[in-house]
Amino acid sequence: MSAELNLQRLGITLPEPPQPVGAYVTWVRTGNLVTTSGQLPWKGGVMQHPGRLGEHVTTEDGYKATRIAGLNALAQLKACIGNLDQVRRIVRLEGYVHCAPGFREHPQVLDGASDLLMQVFEERGRHVRIALGIPDMPLNACVQIVVWAEVD
Amino acid sequence: MSAELNLQRLGITLPEPPQPVGAYVTWVRTGNLVTTSGQLPWKGGVMQHPGRLGEHVTTEDGYKATRIAGLNALAQLKACIGNLDQVRRIVRLEGYVHCAPGFREHPQVLDGASDLLMQVFEERGRHVRIALGIPDMPLNACVQIVVWAEVD
Amino acid sequence: MSAELNLQRLGITLPEPPQPVGAYVTWVRTGNLVTTSGQLPWKGGVMQHPGRLGEHVTTEDGYKATRIAGLNALAQLKACIGNLDQVRRIVRLEGYVHCAPGFREHPQVLDGASDLLMQVFEERGRHVRIALGIPDMPLNACVQIVVWAEVD
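Protein chains in written order, with the working numbering: chain L, 1 to 152; chain S, 1001 to 1152; chain F, 2001 to 2152.
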């Protein structure tokens, strides 16, 4: 199936890929691997659902924020390779959840990005994942993700 | 030396590879690289030594838990490539230690996995490592590790 | 431009690559990728600017410490490939900032390594970056970084 057609079918228009907030770039290709910088839940230049899970942000909103960060990651991938149908498979998702002490629902929050990747890439979207709880996050974002993909 | 023979010599029977706790898979191969999802100290379906280092878990028990997580990582590798003798070398170990404020013995805890990798793969087990202290961990695990390997 | 000439021009003499503090190695090459272990701000065997950003360490000193960790990472790369002109490009910088609750200036701290990489490798130094705040760090270092590079 075509990732680009899936985006249309899902009614998703990818955002402009967010710009870096320091002396780095937002994606790099090495061989057939592409990896992104840490992606935050920016939407229209506004940080969505800022704060800590388990304190200011519900798990449901954390899921939504992680999906938004996932859309930004897809925009970075597309900026790199031009067309998401060039993705052979998603390799790895790194998920860092900004959370209060005792929060345990990291997997549910990160499914916001994992579900998006599966909807867009189907079987080729299957990825390994790392999930960590982080007490302090740049710009007070509630989540930060990184996507690694294998491309043509 | 043969990694499979070393397992026998060490009296190690690998567990069933643990299943994911979210919308992801437990290993991915891209080219000659295999990488695992975050592995936790599951043994027979029971989380071993849950809690924080420096609070509920001693450094000695953290070492044991990290070895158990390492056995799970080996089980994932074997599920991917069929035979651990296909491993050319271990590349990278990511070690995230669930710990109380002020804990400093992350290296000793993570040696539980590093020592296992060296016992099984000998020179081919030499890897780079990253060690971080994390205040909140999915499922209250005391440690989470990721293994990257280069395979035939 | 030559990375080695840039080092000379900048008056930089690379340190001896720091040795590991556990059962691992400090760099690994897999295919055309080299990745380092977590690098700390060691200088002449002394940890520079230990403690937490936002508590014991200023953002300015954190920047300096991150540059020192970056020099150690360059020393590891050089130990691996012999000559920094063999670097085709820097791929990824992982930056873990040891910080007090509420600290937000992770990007400014990590620019200490990013700026160094750009000065030495110029366009080939452009990398993706991940920035996380960590409450407990091995050896009380204020920052830990990892560098991934693509080499000839």
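Glycine included, C-beta positions come from ideal geometry on N, C-alpha and C.
| query | result |
| --- | --- |
| Residue of S/Pro1041, S/Tyr1063, S/Val1120 and S/Pro1107 minimising C-alpha distance to S/Ala1131 | S/Pro1107 |
| Enclosing beta strand (DSSP E) for L/Thr35 [first to last residue] | Leu33 to Thr36 |
| Sub-9 Å separation of S/Trp1148 and S/Cys1080 beta-carbons | no |
| Rounded separation between F/Leu2014 and S/Gln1119 - CA only | 34 Å |
| S/Gly1051 burial status per 10 Å Cβ neighbour count (16 or more: buried) | buried |
| S/Gly1065, enclosing beta strand (DSSP E) - first and last residue | A quick correction: the sequence has Ala, not Gly, at residue 1065 of chain S. Careful: S/Ala1065 lies outside any beta strand (DSSP E), inside the alpha helix (DSSP H) at Thr1059 to Ile1081. |
| Sheet register partners of F/Leu2093 (DSSP bridge) | F/Arg2129 and F/Val2147 |
| CB contact below 9 Å: L/Pro41 versus chain F | no |
| Rounded distance between the beta-carbons of F/Gly2070 and F/Ile2145, thought under 8 Å | 7 Å |
| Buried versus exposed call for S/Asn1072 [16 or more other C-beta atoms within 10 Å across all chains shown] | buried |
| Whole-angstrom distance between S/Val1109 and S/Glu1016, CA atom to CA atom | 23 Å |
| Cβ-based contacts, 9 Å cut-off: residues of the stretch 111 to 141 of chain L near chain F | Leu132, Ile134, Pro135, Asp136, Met137, Pro138, Leu139 and Asn140 |
| Close-in-space but distant-in-sequence residues of the same chain around F/Asn2083 (CB under 7 Å, 5 per side omitted) | Glu2004 |
| Residue from F/Ser2037, F/Leu2010 and F/Asn2006 whose Cα sits closest to the Cα of F/Pro2020 | F/Ser2037 |
| Identity of the residue in S/Gly1112, S/Leu1116, S/Gly1095 and S/Gln1076 nearest S/Tyr1063 by Cα | S/Gly1112 |
| Alpha-carbon spacing of S/Gly1133 relative to L/Arg9, whole angstroms | 42 Å |
| Candidates F/Ser2114, F/Ala2141 and F/Glu2150: closest to F/Trp2042 by CA position | F/Ala2141 |
| Separation of S/Val1034 from L/Val128, as counted between CA atoms | 10 Å |
| Against chain S: residues of the stretch 78 to 111 of chain L by CB proximity under 9 Å | Arg88, Arg89, Ile90, Val91, Arg92, Leu93, Val97, Cys99, Ala100, Pro101, Gly102, Phe103, Arg104, Glu105, His106, Pro107, Gln108, Leu110 and Asp111 |
| F/Gly2045, buried or exposed, once every other Cβ within 10 Å from all chains shown has been counted against 16 | exposed |
| Chain F contacts from the stretch 24 to 50 of chain L (Cβ-Cβ distance under 8 Å) | Tyr24, Val25, Thr26, Trp27, Val28, Thr30, Gly31, Thr35, Thr36, Ser37 and Gly38 |
| Rounded straight-line distance, which links the Cα of L/Arg92 to that of S/Phe1121 | 25 Å |
| Same chain only: Cβ atoms within 6 Å of F/Met2001, ignoring 5 sequence neighbours per side | Glu2122 |
| CA-to-CA distance, S/Leu1040 to F/Met2047, given in whole angstroms | 31 Å |
| Whole-Å CB distance - L/Val143 paired with L/Thr66, under 8 Å assumed | 5 Å |
| Minimum C-alpha distance to L/Ile68 - residue among L/Cys99, L/Asp85, L/Leu117 and L/Glu150 | L/Leu117 |
| Where S/Glu1094 falls, given that 16 or more other Cβ within 10 Å makes a residue buried | buried |
| Member of L/Val97, L/Gly102, L/Cys99 and L/Ser114 whose CA lies at the smallest distance from the CA of L/Arg89 | L/Ser114 |
| Cβ distance (whole Å) where L/Gly102 is taken to contact L/Gly31 below 8 Å | Actually they do not touch by this definition, with Cβ atoms about 42 Å apart. |
| Contacting residues, own chain, Cβ-Cβ under 6 Å from L/Arg126 (five flanking each side not counted) | none |
| Three-way DSSP call (helix, strand, coil) for F/Asp2115 in this model | helix |
| Interface partners of F/Gly2022 on chain S, CB under 8 Å | Pro1107, Gln1108, Leu1110, Asp1111, Ser1114, Arg1129 and Ala1131 |
| Beta carbon of S/Pro1135 nearer than 9 Å to that of F/Asp2152 | no |
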